[in-house]
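J.: The sequence shown begins at 1 in the UniProt record's numbering and counts up by one. Using N, Cα and C, we set each Cβ at its ideal position, and we do this for glycine too.
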Amino acid sequence: MFFGAGNLILPPFIGINSTSGWIYALIGFSLTAVIAPFISLIAVGQVGNNFMDMGKRVNPKLIMILAFITICLIGPVIGIPRTGATTFEIGLRPIFPNISPNMAALAFFTLNASLSISPHKIIDIIGKYLTPILIILLLTLILIGIIFPSHVQHLPEVNTINLFALGFHEGYQTMDILSAVIFAGIILKTMSEQGELAPKQRLYTTIKAGLIAALALFFIYAGLIYLGAISDYPLADHISRTTLLLYISTSILGPIGTYLIALTMTLACLTTAIALTSAFASFMEKITKGKIGYKLNVILCSLLSAILSVKGVDEIISYAEILLGLIYPIVFALVIYLVFLGKFVKAKAPYIAAVIVTSLVSSLSAFLYYFPHMPILGAIRNKLPFAEHNMDWLLPSFIAFIISSLFSKNKDFLDSRPF
1 MFFGAGNLIL PPFIGINSTS GWIYALIGFS LTAVIAPFIS LIAVGQVGNN
51 FMDMGKRVNP KLIMILAFIT ICLIGPVIGI PRTGATTFEI GLRPIFPNIS
101 PNMAALAFFT LNASLSISPH KIIDIIGKYL TPILIILLLT LILIGIIFPS
151 HVQHLPEVNT INLFALGFHE GYQTMDILSA VIFAGIILKT MSEQGELAPK
201 QRLYTTIKAG LIAALALFFI YAGLIYLGAI SDYPLADHIS RTTLLLYIST
251 SILGPIGTYL IALTMTLACL TTAIALTSAF ASFMEKITKG KIGYKLNVIL
301 CSLLSAILSV KGVDEIISYA EILLGLIYPI VFALVIYLVF LGKFVKAKAP
351 YIAAVIVTSL VSSLSAFLYY FPHMPILGAI RNKLPFAEHN MDWLLPSFIA
401 FIISSLFSKN KDFLDSRPF
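(1) Where does the unbroken alpha helix (DSSP H) through ASN17 begin, and where does it stop?
(2) What residue range does the alpha helix (DSSP H) around GLU315 cover?
(3) Could you give the DSSP three-state label for ASP232: helix, strand or coil?
(4) Between the beta-carbon of LEU8 and the beta-carbon of LEU224, is there less than 8 Å?
(5) I need the straight-line Cα distance from ILE322 to SER365, nearest angstrom please.
(6) Is the region 345 to 361 touching the region 329 to 336, taking contact as three or more C-beta pairs under 8 Å?
(7) State the CB to CB distance for the pair ALA216 and LEU41, rounded to an integer number of angstroms; the pair is presumed to be in contact (CB under 8 Å).
(8) Would you check if there are 3 or more beta carbon pairs closer than 8 Å linking the region 72 to 91 to the region 272 to 290?
(9) Can you list, in chain order, the residues of its chain whose CB lies under 8 Å from that of MET103, leaving out five sequence neighbours each side?
(10) Tell me whether GLY21 is buried or exposed, calling it buried when 16 or more other Cβ atoms sit within 10 Å of its Cβ.
(11) Report all residues from its chain with a CB closer than 6 Å to the CB of PRO11; omit the five preceding and five following residues, and keep chain order.
(12) Please determine, among ASP232, ALA113 and ARG57, the residue with the shortest C-alpha to C-alpha distance to LYS343.
(13) Going by alpha carbons, who is nearest to GLY185 out of ILE69, HIS169, ARG202 and GLY171?
(14) Could you tell me if LYS411 is buried or exposed, where buried requires 16 or more neighbouring beta carbons within 10 angstroms of its beta carbon?
(15) Taking 6 Å as the limit between beta carbons, can you name the residues of its chain near PRO418, skipping five residues before and five after?
(16) Compare the Cα-Cα distances from ILE144 to each of SER302, LEU227 and ALA275 and report the closest residue.
(17) According to DSSP, is VAL345 part of a helix, a strand, or is it coil?
(18) So, at 7 Å on beta carbons, what are the nonlocal neighbours of PHE413 in its own chain, with the 5 sequence-adjacent residues on each side left out?
(19) In whole angstroms, what separates the C-alpha of ILE402 from that of PRO329?
(20) Please tell me whether SER362 and LEU326 are closer than 8 Å, where the distance is taken between their beta carbons.
(21) Quick check: ASN390 and HIS169, are their CB atoms within less than 8 Å of each other?
(22) With DSSP run on the structure shown, which of helix, strand or coil describes ILE135?
(23) Just how far apart, CA to CA, sit ILE80 and LEU62?
(24) Spatial neighbours of SER408 within its chain, please: CB distance less than 7 Å, with the 5 preceding and 5 following residues excluded, ordered by chain position.
(25) Please confirm whether GLY254 and LEU26 have their CB atoms less than 8 Å apart.
(26) Whose CA, out of ASN49, ALA306, VAL331 and ILE399, lies closest to the CA of ALA113?
(27) Please look up how many angstroms separate the CB atoms of VAL310 and PRO132, rounded, as I've assumed it's under 8 Å.
(28) In this structure, does DSSP put PHE371 in helix, strand or coil?
(29) So, with DSSP's three-state summary, where would you put MET54?
(30) Quick check on GLY210: buried or exposed, where buried means 16 or more other Cβ atoms within 10 Å of its Cβ?
(31) Do the region 292 to 301 and the region 41 to 54 touch if we need at least three Cβ pairs shorter than 8 Å?
(32) In its own chain, which residues sit with a C-beta less than 6 Å from the C-beta of LEU304, not counting the 5 before and 5 after it?
(33) DSSP three-state call for PRO94: helix, strand or coil?
(34) If you run the structure through DSSP and keep just helix, strand and coil, what is LEU296?
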């Protein structure tokens, strides 16, 4: 569910930009693309059955706002358009070079809307068998690329200071922490339907399954980052992520690699788009209390996604950078405190304080992204601990959490705090 085909274009890009320092970038990427989603599953499992249950520990309205923003980002604003753009750039354009992006978007999202409105068993079949096929293809690509590299590429020495930040920030683009908090409810519901499980047993099963998935993701991401690091793809000011992945697959597997990647990525992107569209439409129907029906939501979602998808993968990633830079740290901070401090801190105020402070710091970074020539604000941001690693929100939010905890009227906390 979290193995999004669109995410596969990210690791090689990290690798080619980090070369000999690819391990540092991998560590940063793993934090936001592997560990954070894993923690998110645990957080949802601890508080209840779905993301909305976090409202019991934080604030119902705040969680509703976060859920709305999250479903929009992984839905028609970023996630779904990127599946369409990835399908065009990897699945269609290499084989049909004369096809227009507008026609490709029209065909892809018409099919997406049709299958989202009237699901067919074929989608379940594709989804069931496609992920193993895609994983086998990727493992084959990685193993052949490592054992029999197409080119012996000397990895130049690089400054490793910013490579962790590169991986950490690029991990936002996976949106996996956002997907995790939304789809955790489906996973927990499926587990419940398979048998009655006590809360502790269900949480243990969630951790076990999440750990296996996290390890699988880590090794695949590590392999793709390494292939990018040793690739002889010509360096330039602008490197297309989709073109780079195609280049690597073709150089390792030969011309057949282009067709294999094209077919599997197209089907994977389609099934991902259908899952996200269905989730978005169901969520919007629920919060509007049926005033906007499921089918209309599917159509509106597909229409907006089609319009945005023609911008192309790199442009979608570009505008997503600022949006994810705002929301990703908020969700990340929230799940960290719930998982590691939730046992000791029962009051709602500390979590709200952490979210507010994280939002302020993230907004500062977003403001500087659009207005970089603000020396005073830039100096303030650069003085924050871990700013060079794109983790400037971490310490301020933690301080806000602790101070609010100390001042909250929470007997459980005062009696059991480990400080």
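T.: According to the structure shown:
(1) 10 to 18
(2) 313 to 341
(3) coil
(4) yes
(5) 9 Å
(6) yes
(7) The pair is not a contact, with the Cβ atoms about 14 Å apart (cut-off 8 Å).
(8) yes
(9) none
(10) buried
(11) TYR221, LEU224 and ILE225
(12) ARG57
(13) ARG202
(14) Since pLDDT at LYS411 reaches only 47, below the 50 mark, its modelled position is unreliable, and the value read off the structure follows with that caveat. Answer is exposed; the Cβ neighbour count stays below 16.
(15) Since pLDDT at PRO418 reaches only 46, below the 50 mark, its modelled position is unreliable, and no value is offered.
(16) LEU227
(17) coil
(18) Its pLDDT being 44, under 50, PHE413 is placed unreliably by the model, and the measurement read from it follows with that caveat. Excluding positions up to five away in sequence, the list reads PHE344, VAL345, LYS346, ALA347 and SER405.
(19) 18 Å
(20) yes
(21) yes
(22) helix
(23) 25 Å
(24) ALA347, ALA349 and PRO350
(25) no
(26) ALA306
(27) The pair is not a contact, with the Cβ atoms about 32 Å apart (cut-off 8 Å).
(28) coil
(29) helix
(30) buried
(31) no
(32) PRO76
(33) coil
(34) helix
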